[in-house]
Amino acid sequence: MSTSIESPSDPALSAKRETPIADRWRLVRGANIPRSLRHILLVMMHYQGANSSIWCKRASIADELDVSVDVVSQKLKQLASIGVVTRVWTQRNGKPWRENAIQFDTLATMQ
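For the sequence shown, the positions run -3 to 107 when this note's numbering is used.
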């Protein structure tokens, strides 16, 4: 009997398990989306955890790209609107916490 905390129905988790790291980089680099959105995705991949969630602050992404936090917020909304990034509210230490996840299946259709 095995127990797992991952939900097999969660698309972000299944995409992470099924897509090797080299293929994920290739999907992001080859996506037919504006360069600024690709840069956000590449930085997000750097912060991506084992369960496919991206836990970094927007300020960290802004610092990596030398842009403002407002620009990062705008780009994250654009990525969410085209279905490349999903935003999930979770609990961390009893407090609400927003995490993002890259949808590699959607990126595969944008090649």
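Cβ coordinates follow ideal geometry from the N, Cα and C atoms, glycine included.
Treat the numbers as computed from the prediction; the structure is a model and nothing was measured.
inquiry  = Quick test of your reading: residue 20 and residue 40, contact by CB under 8 Å. State the CB separation rounded to the nearest angstrom.
reply    = Approximately 11 Å separates the beta-carbon atoms of residue 20 and residue 40; this is outside 8 Å, ruling out the contact.
ask   = So is residue 91 buried or exposed if we call it buried at 16+ other beta carbons inside 10 Å?
value = When all chains shown are included, residue 91 counts as exposed.
query = To the nearest angstrom, how far is it from the Cα of residue 69 to the Cα of residue 104?
reply = Linking residue 69 to residue 104 through their CA atoms gives a straight-line distance of about 24 Å.
Buried versus exposed, by CB contacts within 10 Å (16 or more), residue 96 = Residue 96 should be labelled buried.
query = Using DSSP with H/G/I as helix, E/B as strand and the rest coil, what is residue 109?
reply = Residue 109 lies beyond the range of the chain shown here (-3 to 107); nothing can be said about it.
Start-to-end residues for the beta strand (DSSP E) that takes in residue 105 = Here residue 105 belongs to no beta strand (DSSP E), and DSSP marks it neither H nor E.
Distance CB(residue 93)-CB(residue 87) smaller than 8 Å = For residue 93 and residue 87, yes; Cβs fall inside 8 Å.
key: Where residue 51 sits in the DSSP three-state scheme   = Correct three-state label for residue 51: coil.
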